[in-house]
Structures are given as C-alpha cells and as structure tokens.
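Colleague: Protein sequences appear in the order of chains A and B.
Going by the working numbering, the letters in the first sequence line up with residues 1 to 352, in that order.
Going by the working numbering, the letters in the second sequence line up with residues 1001 to 1352, in that order.
A virtual CB, placed ideally from N, CA and C, is assigned to each residue, including glycine.
Number of protein chains: 2
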Amino acid sequence: MERKNTKTIHLGTVPIGGGHPISVQSMTNTPTANVKATVSQIRKLQKAGCEIIRVAVPDQDAANVLGKIRAQIHIPLVADIHFDHKLALTAIQQRIDGLRLNPGNIGSEVKVREVVEHARERMIPIRIGVNSGSLSREMLSKYGHTAEALVESALEHVAILERMGYEAIKISVKASSVEMTVDSYRLLSSKVSYPLHIGITEAGTDFSGTIKSAMGIGALLLDGIGDTIRVSLTSDPVNEVKTGIEILKSLNLRKGLKIVSCPTCGRTRINLINLTKQVEKALLPYHDINITVAVMGCVVNGPGEAREADYGIAGGDEEGILFRKGEIVAKLPERELLEALIDMIRTENPIL
Amino acid sequence: MERKNTKTIHLGTVPIGGGHPISVQSMTNTPTANVKATVSQIRKLQKAGCEIIRVAVPDQDAANVLGKIRAQIHIPLVADIHFDHKLALTAIQQRIDGLRLNPGNIGSEVKVREVVEHARERMIPIRIGVNSGSLSREMLSKYGHTAEALVESALEHVAILERMGYEAIKISVKASSVEMTVDSYRLLSSKVSYPLHIGITEAGTDFSGTIKSAMGIGALLLDGIGDTIRVSLTSDPVNEVKTGIEILKSLNLRKGLKIVSCPTCGRTRINLINLTKQVEKALLPYHDINITVAVMGCVVNGPGEAREADYGIAGGDEEGILFRKGEIVAKLPERELLEALIDMIRTENPIL
C-alpha cells in the first residue's frame, strides 16, 4: 500500500511521519509519581517492543519526577497534560521527548506561548489529541457528534500553534466508534500533512478492544493513513504493544515472524490447533526474523495453498510433510514434523 | 455506512444480500461422517450465535449423512465439495441448504449441468470460493499473485453458472494476506452484484487470526462490502462465531450489548481491568439487549466522555459515580458501584 506523505517530526531518536517506520506506543498505568513502579512498567513495555511511552502527568508531583524516569529508560517519553500549563513547563525542564497537550485547553494565549517557546527551544513535538467524548458544547451544537466536529476541533488547536509558528505537531482524532474514528482520520488526512497518531479510544477489554482497534487502525493503515499507533485496551499495556505489533506485521508494515495456519475443518486429520500452538511456542525466539511459517491441515493442498510461506508443515492421517516455498522437502511420521520444521528454520536462520 | 446493493439469495430461511442483516457463519471440524459429533458441534455453534454452518464433504460417507445432520439442527447447512460432482448430487438429495463448489473444478460441462439442474430444482445457492493458495498456474502466470488473478478466477467459475442461467450465486475471494483480500473484494464488488461471503483465509490462531480477520473484514464492511462473514481461526469454531459477532456489533451492524471502557492510565485510581471484567461477566445474560455500558476510570471526565453510553460507572479515589447518558445518577462508595449499575440495567431492561 502507498503511504500518505506526511511531515517528519522526531520524538527523541524516533522519527514519526515522512515514510518512517510506523511506531508502536503505549501508556503506563502506574501512578507516574511512583518512579520505581513506572520505570519497571516502561522496561517491560520496552521489552515487548514498545517504541514510545506516554505517562499521565496529573499533578506537580508527577511532573517533578519525569527526568528521573527518563534517565532510566531507553525509549522516548511523552508527558500527557491537561489544562495546567505549569505542568507542561516542568515537563519540558525535565527533558521529556514529547508533549500531549491541547493548546486551546490550557488557558490564555500567553500561557500557550510560554509552553511553545520552551518546547521550541528543546525541539519537543506536541501532539494534539481530540477525543469524541471531550468535544466542546459549541462543536457538538455546530456539527453534532460527527467526524467533522472532531476534525474541526483538532484544527482549532492546530491553528493556535501555527499562529505561533510552531509546526512540530502530531494529531489524533479518536472516537470509541470505529466508523467515526475512520471517517475522522480520513477527513483529517485530506486536510493536513502533519503526522497522525491513530487509534480507537475506550475500545474495551482484550477481546472487544483488540477487534475494534484492529478494524479501525487496520482500515486506516490500508488507506496509507497513520504514522504511529496506539492500541487502547482495558488491560495490561503490554497487550496493547503486542497487538499493535501484530497489526503492523499482518499488513507487512513490520518485519518479523508470521505464522499462517488453516482453520480446522472436517477434512483435518491431525490436531492442528495443538500443533500450531506448539509451533508458535517453539518459534518465540525467532519473533524478529522475517519469515513466514505455515501449519496446514491437509497434505494434498497444504504445500500449494501455502506456497507463499518460507517454511511449512502439513499433517495427514499418519504421515506429514515438511515443505519449503511450496516444495516438499521430506515425508515424515507426524510426531517428527514439529522437530524437523524447527530444525530446518534454526539451521537456515541462525540467531546472532 | 451505506451498504453495497447486492442480489438476495436464500440459504434455507436465511436471506443473504439485498440489505438483509449480515450473517455469521462457521465450519465444523469434526469428521462429517460422525453424525453425533458433528451435530453436537453445530448445536454449540448455534448457541453461540452461528447462523449458517458449513461441513466438509470429502467422501461419499460424509455426503450420505448430510440429511441426518440437517434433521437435527436449526440453521442452514452448506456442503463444502471439491472435484467430485457425485458428492454434490448426493448432498442435494440429502436436502442441504447450500453448496460450496467451484464449477470449473468438477470436470466436464455435462457434470456441472447435472449439479446445476438439481440445485435449481431445490433452489440451492452455490458459493464460488476462490482462495489465493489455490490459484491455477495459468492464472498465476497471467496475473501473478494478485487481486486481479483471484477475481478473474472467481469470475470464470461464475461465467460457467451464468451460461447455464443459474444466478443463485454467492462469491468469496479470500487470501491469507489482509491487503490482497481487501483489494480483491473491492475489485470484485465493483464488477458483480452477487452477494459476497467475506473473510481472511489461513488467518492463524486466536490472537493473530482475530487481528487479521478484524482488519480485513472490518475494512470491507466499512466500505459497505460483505453480506455474510466467516472468521477463520485455527481454534475452536465457537471462537470464530464470537469474533464474527463482535466485529458486526462494533460496527453497529448487529444489535446487542456493547461495553466501552477506558484504557488504564496513570490517572486511574481504581482497578479498572478487574471492574470491567466483572461488569462483562455480570451482563452476560444481557448480551442480546441493545445497550451500551461504559466503565470509566475517571470521575471527572468519565460521564462526559461516555455520554454516548446508555449506562455507566466511573471510579475515583474512594467514591464512584453511576450515570445514565452522561448525567450523574448517584455517588456511591466504590464497592457498591457494580451492584448499582447491574440493578439499574436489570430494572430498565427486563429479560423476557
């Protein structure tokens, strides 16, 4: 798919927009002022593949420890601030890498200008993030609860920064409705060339939240829209990161191990569900390697149907086959299939 | 979203296309000839909300028991047949409700005509289902591994039926690549007005398969494409049905209970993950009721952000609130929130 051309901003060492790889981000749920707990969670998220982390900054205690947190982690830190421009000033002094702040909500233009000048000095990008739930009464009465209202509201905040000559901007317009989210980003993308942070808000728990996020983020990415993503789940944020990475992998926007496997059907003569789980587990150390592995339930059609896969196995009544790019490499008893597959992958893809 | 206008076909009592509700289907993974196991699985799927069920018919033993299976279930039965037209003839005699069969693959035109005439007599629709893995060498050399190849291949099968004046047709063009699947259906939808059965093939296990299916099916539904869906998972088919229903609900294409909930963040002062799980569990009996329930982590912003929800709770430091359509109904100690919410919903939505 062709990606929409957007400007590039830099969150610390991570470039966003301008065709750079789409980054995956998340947000901590520890009290930010608790440095130990927050750093520990960020490290877990880093390990899971999180590339940018945001923390809530509800008060001065939280703002004051941002530098301490920053010093102990290896991914850019974004401070999420509402209403209070002093918290933003402290956050900037604490050398955060990004701000999420809606300039129209922090009071007078003097206050905004103060934040912007400090952000400019340190080259700190500002994300404007408008959610469907926090639209103003004016916007709602003018446009109703629509994509237009969401986009217009975001553009008002953007205009404030543009008047001050500040363009290190990233924008999000999230709704809890998948359709409204997709409509909003499509409209926004047609109007601006700032990089976009995409996601569905209040998506729900692991099951429904994953489905809504995959639908909304997926539809936008297929359109070439989106420069950084956050999956929002009422769950351990590690799951947000895993889901985000899987979304990117599924659209070939991120390299890494991909496993394709048949649905089971009345033709399947092996325990495909169990076999696939074993393959997934055995290949965990290979999750960064850019290969596709197929686990098929049918010896006759399996290799052909999975000819796009780099490696694969297919199980039959007693005997299974090992194949590479659609060509059969060996016929084996079913119980030897898994080991033979892993051996072949290990030999041909040494982990450094 | 506006749905693409398609022709209507009938699988037994279930209409597909023409603006009828989008149905959710699945496929058994029991040996079809094992009537007891197959019926038992279909009943479980029915209970989960499955509206159409397909069974593999690999041999005559399977074909011969279709009538027995049909007599014991309450949803339309589709026979999945490859290559052997005699199995199709038996299946039709056994009073199945639909066939999945690619006419170009069952041999001579005489054989196809025989199947079509019997299908016509019993008004049995035929699904043409082309998968990216089973494209012919001719198609691949002409178009490469592309959406064009998939669509062209499907249209060749369609043309055979059209030449025989048979138009009770449904089409699928599934790939294991989300992007190729979406491109294929978009192209197909621009060329025909037959109802479309949509899904991603070989999507993988629960985690990756759910994500790929939600992305592909979601993007198409947002375009108004798709009349019936199947989520393919290497998993218990009950999970396919649950995921399919959730996809439809998330796009307001299916009525039912919806739960929205905040992601957790450093501002959250209650155990939101646990509370949301409790709400989900307590509301299981209400899954058919068309309401939206919000579980928010923030007393200040929660009711406003969730003003689209019919009912909701938001938790704070010690005290929480109960709200209805964004208006606060009661302030309560946190431990009483769950019960108060369930009580309000139960009182206002009696289950018959």
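Figure out for me which residue from Val1300(B), Glu1280(B), Lys1258(B) and Asn1239(B) has the closest Cα to the Cα of Thr1268(B).
Modeller: Translated into positions along the second sequence, residue 1268(B) becomes position 268. The shortest C-alpha separation from Thr1268(B) is found at Val1300(B).
Colleague: So for Asn5(A), helix, strand or coil by DSSP?
Modeller: Here residue 5(A) corresponds to residue number 5 of the first sequence, with the count starting at 1. Asn5(A) falls in the coil class under three-state DSSP.
Colleague: State the DSSP-derived secondary structure class of Leu135(A), mapped to helix, strand or coil.
Modeller: Your numbering for residue 135(A) matches position 135 in the first sequence. Leu135(A): coil per DSSP, three-state reduction.
Colleague: Restricting to Cα atoms, I'd like to know which of Tyr143(A), Asn105(A), Gly144(A) and Glu138(A) is closest to Gly128(A).
Modeller: As a working mapping, residue 128(A) is identified with position 128 in the first sequence. A small fix is needed here, since residue 128(A) is Ile in this sequence, not Gly. Of Tyr143(A), Asn105(A), Gly144(A) and Glu138(A), the residue nearest in Cα terms is Asn105(A).
Colleague: Verify the CB distance criterion: does Gly133(A) have a CB-CB separation below 7 Å to chain B?
Modeller: Taking the first sequence and counting its residues from 1, one reaches residue 133(A) at position 133. Judged by the 7 Å Cβ criterion, Gly133(A) is in contact with chain B.
Colleague: Please list, in chain order, all residues of the same chain as Pro15(A) whose beta carbon is under 6 Å from its beta carbon, the five residues on each side excluded.
Modeller: In the first sequence, residue 15(A) corresponds to position 15, counting from 1. Result list for Pro15(A): Thr8, in chain order.
Colleague: Assess contact between the segment 50-70 of chain A and the segment 84-99 of chain A, defined as three or more Cβ pairs (one per stretch) separated by less than 8 Å. Is contact present?
Modeller: At 8 Å Cβ cutoff, the stretches touch.
Colleague: Going along the chain, which residues of its own chain have a beta-carbon closer than 8 Å to the beta-carbon of Leu332(A), five neighbours each way excluded?
Modeller: Working through the first sequence from its first residue, we reach residue 332(A) at position 332. Glu319, Gly320, Ile321, Leu322 and Ala340.
Colleague: Run the CB neighbour count on Glu1308(B), radius 10 Å, all protein chains shown included, and call it buried at 16 or more, exposed below.
Modeller: One-based indexing of the second sequence puts residue 1308(B) at position 308. It counts as buried.
Colleague: Could you pull out every residue in the same chain whose Cβ sits closer than 8 Å to the Cβ of Gly204(A), ignoring the five residues on either side in sequence?
Modeller: Taking the first residue of the first sequence as 1, we reach residue 204(A) at position 204. Excluding residues within five positions, the ones whose Cβ falls inside 8 Å are Lys212, Leu233 and Thr234.
Colleague: Please compile the residues from chain A whose C-beta is within a distance smaller than 9 Å of the C-beta of Asn1301(B).
Modeller: Here residue 1301(B) is taken as the residue at index 301 of the second sequence, counted from 1. Neighbours of Asn1301(B) on chain A, chain order: His82, Gly133 and Ser134.
Colleague: So, helix, strand or coil for Gly297(A), using DSSP?
Modeller: Indexing the first sequence from 1 puts residue 297(A) at position 297. Note: Gly297(A) maps to coil in three-state DSSP.
Colleague: Using a C-beta to C-beta distance shorter than 9 Å, which residues of chain B count as neighbours of Met215(A)?
Modeller: Position 215 of the first sequence, counted from the start, is the residue given in the question as residue 215(A). Within 9 Å Cβ-Cβ: Ala1214, Met1215, Ile1217, Gly1218, Ala1219, Leu1221, Leu1222, Ile1247, Ser1250 and Leu1251.
Colleague: Using the C-alpha atoms, what's the distance from Ser1177(B) back to His10(A)?
Modeller: For the purposes of this step, residue 10(A) is taken as the residue at position 10 of the first sequence. For the purposes of this step, residue 1177(B) is taken as the residue at position 177 of the second sequence. Cα to Cα, His10(A) sits roughly 31 Å from Ser1177(B).
Colleague: Run through chain B and tell me which residues come within less than 9 Å of Asn64(A), C-beta to C-beta.
Modeller: The sequence position of residue 64(A) within the first sequence is 64, counting from 1. Simply none; closest approach about 14 Å.
Colleague: Let me make sure I understand the geometry here. Which of Thr1146(B), Glu1156(B) and Tyr1286(B) has the alpha-carbon closest to that of Met1180(B)?
Modeller: The residue given as residue 1180(B) occupies position 180 in the second sequence. Checking every option, the nearest Cα to that of Met1180(B) belongs to Thr1146(B).
Colleague: Counting contacts by CB-CB distance shorter than 7 Å, is Ala37(A) in contact with chain B?
Modeller: Locating residue 37(A) in the first sequence gives position 37, counting from the first residue. No, because no Cβ of chain B sits closer than 7 Å to the Cβ of Ala37(A).
Colleague: Tell me the start and end of each unbroken beta strand (DSSP E) in the segment 1207-1273 of chain B that is at least 3 residues and wholly inside, in chain order.
Modeller: Correct list: 1228-1230 and 1258-1261.
Colleague: List, in order along the chain, the chain A residues whose C-beta lies closer than 8 Å to that of Arg1307(B)?
Modeller: For the purposes of this step, residue 1307(B) is taken as residue 307 along the second sequence, with counting starting at 1. Per Cβ cutoff of 8 Å: Gly133.
Colleague: Can you list, in chain order, the residues of its chain whose CB lies under 7 Å from that of Gly49(A), leaving out five sequence neighbours each side?
Modeller: Working through the first sequence from its first residue, we reach residue 49(A) at position 49. Excluding positions up to five away in sequence, the list reads Val24, Val241 and Ile245.
Colleague: Quickly, what does DSSP pair Tyr1311(B) with across the bridge? List them, please.
Modeller: Within the second sequence, the letter at position 311 stands for residue 1311(B). DSSP output for Tyr1311(B) lists Val1293(B) and Arg1324(B) as bridge partner(s).
Colleague: Starting from Ser1190(B) and walking both ways along the alpha helix (DSSP H), at which residues does that stretch end?
Modeller: Position 190 of the second sequence, counting from 1, holds the residue named residue 1190(B). First-last of the alpha helix (DSSP H) with Ser1190(B): Val1178 to Lys1191.
Colleague: Just checking: is the beta-carbon of Leu1272(B) within a distance shorter than 7 Å of some beta-carbon in chain A?
Modeller: As a position in the second sequence, residue 1272(B) is number 272, starting the count at 1. Closer than 7 Å to some Cβ of chain A, the Cβ of Leu1272(B) qualifies, so yes.
Colleague: Short of 8 Å in beta carbon distance, which residues of its chain neighbour Tyr1166(B), apart from the five on each side in sequence? Order them along the chain.
Modeller: Here the question's residue 1166(B) lines up with position 166 in the second sequence. Closer than 8 Å at the Cβ level, and outside the excluded window around Tyr1166(B), lie Val1116, Ala1119, Arg1120 and Ile1126.
Colleague: Identify the contact partners of Met1001(B) in chain A, using a Cβ-Cβ distance below 8 Å as the criterion.
Modeller: Start at 1 with the first residue of the second sequence, and residue 1001(B) comes out as number 1. Near Met1001(B) (Cβ distances below 8 Å), the residues of chain A are Glu179.
Colleague: Measure the beta-carbon distance from Ala154(A) to Val173(A) and round it to whole angstroms, keeping in mind my assumption that it falls under 8 Å.
Modeller: For this step, residue 154(A) is matched to residue 154 along the first sequence. For this step, residue 173(A) is matched to residue 173 along the first sequence. Rounded, the Cβ-Cβ distance is 5 Å, consistent with contact.
Colleague: Taking the alpha carbon of Ile270(A) as the point to measure from, which residue in Gly1012(B), Thr1006(B), Gly1018(B) and Pro1031(B) has its own alpha carbon closest?
Modeller: In the first sequence, the residue the question calls residue 270(A) occupies position 270. Closest option to Ile270(A), Cα to Cα, is Pro1031(B).
Colleague: Would you tell me roughly how many angstroms separate the C-alpha atoms of Leu251(A) and Leu1253(B), rounded to the nearest one?
Modeller: Working through the first sequence from its first residue, we reach residue 251(A) at position 251. Working through the second sequence from its first residue, we reach residue 1253(B) at position 253. C-alpha separation (whole angstroms): 25 Å.
Colleague: Between the segment 218-230 of chain A and the segment 1219-1234 of chain B, are three or more C-beta pairs nearer than 8 Å?
Modeller: In short, these stretches touch, since the Cβ pair count reaches three.
Colleague: In three-state DSSP terms, what is Pro1333(B)?
Modeller: Along the second sequence, one-based indexing puts residue 1333(B) at 333. Looking at Pro1333(B) - three-state DSSP - the assignment turns out to be strand.
Colleague: Please check the pair Tyr286(A) and Leu257(A), which I expect to be a contact at CB under 8 Å, by giving their CB distance rounded to whole angstroms.
Modeller: The count along the first sequence starts at 1 and reaches residue 286(A) at position 286. The count along the first sequence starts at 1 and reaches residue 257(A) at position 257. With 8 Å as the limit, Tyr286(A) and Leu257(A) qualify as a contact, their Cβ atoms being about 5 Å apart.
Colleague: Smallest Cα separation from Met1296(B): which of Val1260(B), Lys1325(B), Leu1087(B) and Glu1327(B)?
Modeller: The count along the second sequence starts at 1 and reaches residue 1296(B) at position 296. Comparing Cα-Cα distances from Met1296(B) to each of Val1260(B), Lys1325(B), Leu1087(B) and Glu1327(B), the minimum goes to Val1260(B).
Colleague: Would you say Cys1298(B) lies against chain A (beta-carbon separation less than 7 Å)?
Modeller: Residue mapping note: residue 1298(B) aligns to position 298 of the second sequence, counting from 1. Judged by the 7 Å Cβ criterion, Cys1298(B) is not in contact with chain A.
Colleague: Quick one: complete alpha helix (DSSP H) runs, 4+ long, within the segment 67-150 of chain A?
Modeller: Taking only runs of at least 4 residues, the alpha helix (DSSP H) segments lying wholly in the segment 67-150 of chain A are 85-93, 109-122 and 137-143.
Colleague: If you drop the 5 nearest sequence neighbours on each side, which residues of the same chain put their C-beta closer than 6 Å to that of Lys255(A)?
Modeller: Mapped onto the first sequence, residue 255(A) falls at position 255. Excluding sequence neighbours, Lys255(A) sits near Asn290.
Colleague: Quick check: Pro1237(B) and Leu1045(B), are their CB atoms within less than 7 Å of each other?
Modeller: If you number the second sequence from 1, residue 1237(B) lands on position 237. If you number the second sequence from 1, residue 1045(B) lands on position 45. Yes, the Cβ-Cβ distance between Pro1237(B) and Leu1045(B) is below 7 Å.
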